[in-house]
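Undergrad: The structure is given below, and queries will be raised subsequently.
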Amino acid sequence: MKVLVTGGAGYIGSHTVVELINAEYSVVIADDLSNARHEVIDRVQAITGTRPLFYQINCADKRELQTVFTRNEIDAVIHFAGFKAVGESVHKPLQYYRNNLDSTMTLLEVMEEFGCKKFIFSSSATVYGPENPHPYKEEMPAIQSSSPYGWTKVMIERILTDYTTAHPDFCAVLLRYFNPIGAHESGLLGDDPNGIPNNLMPYIARVAAGQLEKLTIFGGDYPTPDGTCQRDYLHVVDLAVGHLKALEYAKSHVGVEAINLGTGNGVSVFELVQAFEKVNNIKLNYIIGPRRDGDLPAFWADATKAKALLGWEATHTIEDMCESAWGFAKNTSL
Ligand code: UD1
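Residue numbers (numbering that gives the first Met the number 0): 0 to 333.
And the structure:
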């Protein structure tokens with residue numbers, strides 16, 4: 000089976016490509032490298048012994064995408080490609096809507112042209128918005144999102160739902176990720192954002208590596224047990240395996256299905272910092288600063304649907320996540 004992975008050179012995409020190759024799928028990557036490096040392809044090859052086919056294209060470019068589908072008989076698409084910086088999306092909404100929506104719709108048009116009917120989408124827990132109580136369940140309404148980035152996820156879920164209604168032989172699986180962190184055990188793949196990281200774990204890793212002076216914990220006065228926000232952190236390799244399970248599911252199903260991928264447990268910023276320090280034997284320099292706009296105090300997944308439908312469950316611990324994140328950061332900071 001041949002799978003097109005858009006954004007396959009990125010953080011979650013590259014880990015998924017490794018798991019796909021290990022499970023003997025044939026993989027084609029489409030990535031414009033706007034937030035990833037070509038070297039990732041070499042690293043995937045070093046880990047798996049197989050070099051995935053790579054096209055440096057933007058998925059909103061229909062001609063280029065048609066070329067990929069003409070040259071390869073694509074059976075399914077896993078769509079990661081998209082802009083993902085929450086703060087940036089507030090300042091550049093048009094760029095986010097244009098890129099994320101256009102690429103998805105172009106992909107669907109080209110898939111239709113070539114008779115490809117299996118789609119796995121990289122969605123986010125952000126679609127639950129600030130109004131829903133946690134743990135989040137898939138049937139809760141996506142009522143409000145807190146950023147244009149989040150809205151692109153809500154809108155793409157809507158587009159895929161309407162498309163599937165119009166094409167009842169199509170299958171779309173909407174995977175709603177919670178907070179993926181950690182890295183591949185080889186230390187060759189991980190989260191390596193350009194510039195100063197926005198997300199917690201890459202920020203911690205750069206403080207540990209001495210590249211950033213200190214971590215600012217955004218708010219210590221939340222209504223949580225230790226006053227810091229709680230999130231559902233999951234290991235990126237567990238998340239990658241979740242995509243494989245979703246693909247297996249899509250092979251024998253039609254229709255649209257939203258599925259949470261999380262552990263079902265809340266972990267606070269303090270707890271994550273302490274776990275990182277303990278497992279890696281490193282002291283992290285941090286201060287407690289003001290709250291960050293748009294952050295919710297606490298949320299985690301109800302992960303029962305993923306287990307029931309896909310037979311998927313997260314297996315890695317917070318310690319595994321912290322150890323592997325540092326293993327990768329050490330490598331990249333050398
Ligand atoms: C955000 C997005 C989510 C997106 C995810 C990964 C929202 C509401 N959430 O999740 O959609 O999929 O990023 O890109 O838009 N923190 C600090 N100091 C830091 C950085 C973070 O204390 O320097 C705290 C935050 O306040 C938060 C936690 O760490 O409580 C996790 O933050 P982050 O890694 O940015 O992820 P989310 O905001 O949960």
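C-beta atoms are modelled at their ideal positions from N, C-alpha and C, and glycine is treated no differently. Bear in mind the structure is a predicted one, so any value in this text is a computation, not a measurement.
Do Leu238 and Tyr176 have their CB atoms nearer than 8 Å?
TA: For the purposes of this step, residue 238 is identified with residue 239 of the sequence shown, where counting begins at 1. For the purposes of this step, residue 176 is identified with residue 177 of the sequence shown, where counting begins at 1. Yes, the Cβ-Cβ distance between Leu238 and Tyr176 is below 8 Å.
Undergrad: Let's test the definition: count the other Cβ atoms within 10 Å of the Cβ of Gly48 and tell me whether it reaches 16, buried, or not, exposed.
TA: Along the sequence shown, read from residue 1 onward, the residue named residue 48 stands at position 49. Only exposed fits Gly48, as fewer than 16 other CB atoms lie within 10 angstroms of its CB.
Undergrad: Determine, using beta carbons only, whether Ala59 and Phe118 come nearer to each other than 8 Å.
TA: Numbered from 1 along the sequence shown, position 60 holds the residue referred to as residue 59. Numbered from 1 along the sequence shown, position 119 holds the residue referred to as residue 118. In this structure, Phe118 does not lie closer than 8 Å to Ala59 by Cβ.
Undergrad: Measuring alpha carbon to alpha carbon, tell me which residue in Ala35, Pro196, Val67 and Tyr135 is nearest Ala305.
TA: Working through the sequence shown from its first residue, we reach residue 305 at position 306. It is Tyr135.
Undergrad: Under the three-state reduction of DSSP, which class applies to Gly254: helix, strand or coil?
TA: Position 255 of the sequence shown holds residue 254. Three-state DSSP puts Gly254 in a strand.
Undergrad: Does the stretch 238-254 come within contact of the stretch 286-300, defined as at least 3 CB pairs closer than 8 Å?
TA: no
Undergrad: So, for Met139: in the same chain, excluding its five sequence neighbours on each side, which residues have a beta-carbon less than 8 Å away from its beta-carbon?
TA: Reading the sequence shown from its first residue, position 140 is the one you call residue 139. The answer, listed in chain order, is Tyr127 and Asn131.
Undergrad: What do you reckon, are the CB atoms on Asn34 and Asn193 nearer than 8 Å?
TA: What you label residue 34 is simply residue 35 of the sequence shown in a count that begins at 1. What you label residue 193 is simply residue 194 of the sequence shown in a count that begins at 1. It is a contact, given that the beta carbons lie within the stated cut-off.
Undergrad: Would the C-beta of Val206 count as close to ligand 1, meaning under 7 Å from any of its heavy atoms?
TA: Indexing the sequence shown from 1 puts residue 206 at position 207. Incorrect: Val206 has no Cβ contact closer than 7 Å to ligand 1.
Undergrad: Using a 10 Å radius around the Cβ and a threshold of 16 neighbouring Cβ atoms, would you call Thr164 buried or exposed?
TA: As a position in the sequence shown, residue 164 is number 165, starting the count at 1. Exposed, by the Cβ-count rule.
Undergrad: Does any heavy atom of ligand 1 sit closer than 7 Å to the C-beta of Phe275?
TA: Position 276 of the sequence shown, counted from the start, is the residue given in the question as residue 275. Distances between the C-beta of Phe275 and the heavy atoms of ligand 1 are all 7 Å or more.
Undergrad: Shorter than 8 Å from the beta carbon of Arg62 to some beta carbon of chain B?
TA: Protein chains in the displayed structure number just one, and chain B is not present.
Undergrad: Taking 7 Å as the cut-off, is the beta-carbon of Ile216 closer than that to any non-hydrogen atom of ligand 1?
TA: Here residue 216 corresponds to residue number 217 of the sequence shown, with the count starting at 1. Ile216 Cβ: within cutoff of ligand 1.
Undergrad: Just curious, the alpha helix (DSSP H) that Ser102 is in, first and last residue?
TA: Counting from 1 along the sequence shown, the entry for residue 102 is found at position 103. Pro92 to Glu112 is the span of the alpha helix (DSSP H), which, as asked, contains Ser102.
Undergrad: With distance defined between alpha-carbon atoms, name the residue in Val17, Arg290, Gly209 and Asn98 nearest to Pro222.
TA: Taking the first residue of the sequence shown as position 1, residue 222 is located at position 223. The candidate whose alpha carbon is nearest that of Pro222 is Arg290.
Undergrad: Does the distance from the C-beta atom of Thr125 to that of Ser102 stay below 8 Å?
TA: In the sequence shown, the residue the question calls residue 125 occupies position 126. In the sequence shown, the residue the question calls residue 102 occupies position 103. No, these two residues do not count as a Cβ contact at 8 Å.
Undergrad: From Ile203 to Phe113, what does the alpha carbon distance come to, in whole angstroms?
TA: Locating residue 203 in the sequence shown gives position 204, counting from the first residue. Locating residue 113 in the sequence shown gives position 114, counting from the first residue. About 44 Å.
Undergrad: Is the beta carbon of Gly181 less than 8 Å from the beta carbon of Val235?
TA: Locating residue 181 in the sequence shown gives position 182, counting from the first residue. Locating residue 235 in the sequence shown gives position 236, counting from the first residue. Result yes, Cβ atoms of Gly181 and Val235 sit closer than 8 Å.
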